[in-house]
Structures are given as structure tokens and as C-alpha cells.
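Novice: Sequential numbering from 2 applies to the sequence shown in the working numbering. All C-beta atoms in this analysis are idealised placements derived from N, C-alpha and C, irrespective of residue type, glycine included.
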Amino acid sequence: MRSVCSRRRRARRRGTRRPATYLILARIHDHGIATLASRFTEITPARSGETRAPHVTLFGPFGLPAGSPDSILLDRIREAASGTEAVTCMIGDPLWLRGRKGMAITLSLAPDTNMVGLYRKLVTALSPETAWCTWIDRPPGSRIFHISLRVSISRSEIHAVRSRVREALQTGREYREGGVAPAIHADGCSSPLTLFRMALLRRGSLWKELDLVRGTWLSRAEAFNPDLWVITRREYRISQGLQLTGPVYRTTPGIFVISDLHFGHTNIIRYCHRPFSSVIEMDTVLLDNWNFTVRPDDLVIYLGDLRYGRGAPPADHFLNRLQGNITSIIGNHDDPLPGAVPSLMVTCQDIPFLCIHNPGEVPEDSHGWVIHGHIHNNDLERYPFINGEQRTINVSAELVKYAPVSLDEIASFVRAIRPGEKAATLDEARRLRDSRPG
């Protein structure tokens, strides 16, 4: 080891240090995925130095021409990311990939249009500046986004690893010497994962990190500062309308609906990938969003699961702070609430709606539109914000920007949507409606 270090010191003195290799990635700050990645070694032990914190590679590895300053690289990356405040992806099934050093077992990712667009811009911006890069990122770019669980699996062990992974998937349980471990599953994997920053590694170490929403490069020390993550998430919420900063009241009294706020529930932040740094911050924003939307004389149909968790204050603690005349639908986590009902029929603009917490409990003879919660953002294929085929409207907090939505606006979506169409979120439904004539 001493001789290697001595050679490196002599190389630096002579100016013969090897050119830096760079890598652009997004670090994944998610407890469920981190737990899954570390637990995966119980299926197939990783060699020393092989593991790395969960991340998504966006470009690289690559190198710069001799004498090219780092500042050009920082400028090009920031220019490519301009206008992209965050990227989102869905976590899919295990995926096998072949690399230069063997096979890799990964989790596949389905990127949103922002993530695909950012990648294309990186390819376009960086290709002219690089001395070399991996063939995957040569224009037009053919990267398959994924989260690595184990890499560099050799030919001699590939058969055994495949068998263990296949057994875990078929049985829902992981292989472990002398027994079995929990299933291959990360808490929150079924909800969208939002990434707010893009890290630049130099010589294998994090050098800079770009805060996408602020367009600011952070030093290594700043990238690992938890207080700055609070700022990143807050600025993202404000920019996306997830945190209201003032009243947005209707001009006339209205009826509003929302479900599954989960006040006081710390774990809901990671289960549903909510963009909050703490439960106190989440509760404060949820209360403000409600009271900036609902006036004291408005009506609110709350569709269940108001608060949850042993340490959460009682329901009255929150109900006494929420404006409006509230009718509660019974949820599966709620304490008994005076006047709460299992379901409620309501009509708006001559459209009847059945309001119920769990869409799985809708009566078989019900064939109209159903407004529900319970699912959160964990099954956007079957239960997006609005499903024109199933005639369901999911008003879980994550899909309605963490604020009550008016029944009049929901009726406008129903009139605009066509049979079989879907809109995953409130914003998507608004874009769909506004694109229609009349």
C-alpha cells in the first residue's frame, strides 16, 4: 500500500496524474430502497468495495480532453438541467443487464418525460466536451435507467445467483443460508420516486451536486448537509404548488373533497415518497394548504384516514384547526368520529358521485362515478386521480397536491374525459381538460 501511495505522490509531483473520470448520477434518499439494497446481499453476497449507496446513473463514466477546465463541465451540466426542477420515475421489476465485468442484477426504472428529457439534454451538451464516454451515452443515447443491486457477477456464479433470485420472486421470499428472509420488496416501491438533485462524481468521489429546483451547485459538504435538504424540498413544494403561501379561495362558497392526509404519520413520508423532511413540517403544510383553500363557510367531504400513528395527536387536535363544515367518511385508520358515515352520495352539476374511503368496498350495484381515497399513489395504473374506464376519482392527498379540490372542478374533469382515458394526477387532469375545446 505504501509503494502505491508513493507512486501516486511522485506522479502528482511530476504532473503525470491520470486524467479524472467523471460520472453523473442522482442519489436516492429512500429508506425502503436502501434497506432492500443492503438486504439483497443475503441472496448473493457482494465482494468488498462492490456496494454503493442506491443511485441512478444519468451519464458516464466519461473524461475531458487534456487541459479542459472543470468549469466548462459545470456550466454545461447546469445549462442542460435548466428548466428541470425534478425528475420522477417508477420502480419496476428486477432486471438483468450485461456489462464489461459481468452481469448485474438491478431494479428497472420507468422514467417520466422530465427524466428522459434531461438525459437527452445531457447527451447533447456533454458529447462535444468529452474526450471519451461509454458507448451507451454516445448520441443519441441509449441508457436503460436502473438501480443496481449487485454488479460484476462472474460466469462462475451467475447460474447460482439467477436461481436464488428466481426462487425469491416465485415464492415471495428471499434466499438465506439456513433459511429464508423477507420478500424482495422495498417500502414505497409502488409509488413514484422524485429526485431533486444531480451529483457529479470525480475520481469516484462526490465532488459537486446540482440542486435542480434552485439551479445551484453545492459543494460536497453542502450536499451532505441535512438542513439544505429541507430547503431543497421546500423550494420544490412551493414551485410545484404543493405548498401554498397564501389564500386561493373561491369567489363563492363551494364543496371540497380530499382523503388520507395522515396527520402525525411519520412513515407515510417514505411509504408514499412525500416531499417532506419531517412529520412536523408535513403537518404544518397540510394544515396551511387546507386553510388557504377552504373558507369557514365552505363544505368539505373528508374521505377518511385523518391521522395515524401512536405518537400522533388525536383527531380533534387537527379538526379544530381545519376551516369549513366537515363531513367525515370512515377510513380504515380512523378513530371513531362523531357523525362519520361509511359513504355519502352527493350531486354536482347534475353528476352523482358516491364518496367512500376504500374503492374496493363500493356496492356491486353502483355504476356511477366514485370518489375515493385509501390507495394513495401506490397503484396509478388502476387508481390514478381519474380513471375514465372504471369511473373512479382518487383524491388521496398525494394526487391532489396536498390540498382539498372542489367538487365543481372534479365535475369539469368528468365532462372533459373520454371513455378509457386516465389522468394520474390533478395537474394532468387540468392539462387534459384545458386541451379540450369548449
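Okay, do the stretch 282 to 301 and the stretch 233 to 251 touch, 3+ Cβ pairs below 8 Å being the bar?
Specialist: Enough Cβ pairs lie closer than 8 Å, so yes.
Novice: Tell me the rounded alpha-carbon separation between L65 and A81.
Specialist: 17 Å
Novice: Check whether the Cβ atoms of I92 and P55 lie closer than 8 Å to each other.
Specialist: no
Novice: If D31 sits next to R271, beta carbons under 8 Å apart, how far is it from one beta carbon to the other, in whole angstroms?
Specialist: Between D31 and R271 a beta carbon distance of about 7 Å is seen, short of the 8 Å cut, so the two are scored as contacting.
Novice: Can you find the residues in the same chain that come closer than 6 Å, C-beta to C-beta, to V152, ignoring five residues on each side of it along the sequence?
Specialist: A105
Novice: If we count Cβ pairs, one from each stretch, closer than 8 Å, do we get three or more for the stretch 253 to 264 versus the stretch 386 to 393?
Specialist: They do not touch, by the three-pair rule.
Novice: Which class does N333 belong to by DSSP, given the choice of helix, strand or coil?
Specialist: Reduced to three states, the DSSP call for N333 is coil.
Novice: What first and last residue would you give for the beta strand (DSSP E) that runs through G64?
Specialist: H56 to G64
Novice: Got a sec, what are the start and stop residues for the beta strand (DSSP E) K209 sits in?
Specialist: S206 to D212
Novice: Figure out for me which residue from N326, I327, G325 and R308 has the closest Cα to the Cα of H318.
Specialist: R308
Novice: What are the boundary residues of the beta strand (DSSP E) that includes Y303?
Specialist: L300 to Y303
Novice: Going by C-alpha distance, which of V88, R167, N333 and C134 is nearest T114?
Specialist: With distances taken between Cα atoms, T114 lies closest to V88.
Novice: Please state whether the Cβ-Cβ distance between V214 and T195 is less than 8 Å.
Specialist: With a cutoff of 8 Å on beta-carbon distance, V214 and T195 are scored as not near each other.
Novice: Under 8 Å, do E429 and C273 count as touching if we go by C-beta distance?
Specialist: no
Novice: Taking the alpha carbon of E130 as the point to measure from, which residue in L245, Q324, L408 and D71 has its own alpha carbon closest?
Specialist: D71
Novice: Roughly how far, in whole angstroms, is the beta-carbon of I387 from the beta-carbon of I357, given that I think they are within contact range, below 8 Å?
Specialist: Between I357 and I387 the Cβ distance is about 16 Å, and since that is not below 8 Å, they are no contact.
Novice: Would you please state the rounded distance, in angstroms, between the beta carbons of V342 and I330? I believe it to be under 8 Å.
Specialist: 6 Å
Novice: Just the C-alpha distance for F197 and D212, rounded to the nearest angstrom, thanks.
Specialist: 7 Å
Novice: What residue ranges within the stretch 279 to 320 form continuous alpha helix (DSSP H) runs of no fewer than 4 residues, ordered along the chain?
Specialist: Secondary structure within the stretch 279 to 320: the alpha helix (DSSP H) runs of 4 or more consecutive residues, fully enclosed, are 280 to 294 and 316 to 320 (chain order).
Novice: Which whole runs of the alpha helix (DSSP H) in the stretch 84 to 157 are 4 residues long or more, in chain order?
Specialist: You should have 114 to 127.
Novice: Taking the alpha-carbon of P314 as reference, which of I411, I281, S344 and N359 has the nearest alpha-carbon?
Specialist: I281
Novice: Helix, strand or coil for P1, going by three-state DSSP, please let me know.
Specialist: With the chain covering 2 to 439 only, the question about residue 1 has no answer from this structure.
Novice: Starting from S72, trace the alpha helix (DSSP H) both ways and give me its first and last residue.
Specialist: D71 to A82
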